[in-house]
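>
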Amino acid sequence: MNAYELQALRHIFAMTIDECATWIAQTGDSESWRQWENGKCAIPDCVVEQLLAMRQ
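Just so it is clear: in the sequence shown, position 53 is 388 by this note's numbering, and no numbers are missing.
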């Protein structure tokens, strides 16, 4: 999953960055989520797995 896909899924789920950091990444670290969406850091596998499970 790339940064654009991450951002698109967040919009599809109608979630804010803060909500995603809390409920999907389960860290509450909004800055990390922003870095993933900006492509500055790799998206952790656990976040990708959670998003793919939610998509189904």
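Where a beta carbon is used, it is the ideal one built from N, C-alpha and C, also for glycine.
Fair warning: this is a prediction, and the values are worked out from it, not measured in the lab.
#1: For I352, report the span of its alpha helix (DSSP H) as first-last.
#2: Specify, as a first and last residue, the run of the alpha helix (DSSP H) that A343 falls within.
#3: Taking all protein chains shown into account, do 16 or more other C-beta atoms lie within 10 angstroms of the C-beta of I378, making it buried, or fewer, making it exposed?
#4: Compare the Cα-Cα distances from N337 to each of C376, T351, A388 and report the closest residue.
#5: To which residues of the same chain is E354 closer than 8 angstroms at the C-beta, ignoring the five residues directly before and after it?
A quick look at the data gives this:
#1: Here the alpha helix (DSSP H) through I352 covers 352-358.
#2: A343 -> alpha helix (DSSP H) spans 338-347.
#3: With 16 or more Cβ atoms within 10 Å of its Cβ, I378 is classed as buried.
#4: Cα-wise, what sits closest to N337 is C376.
#5: Correct list: empty, nothing qualifies.
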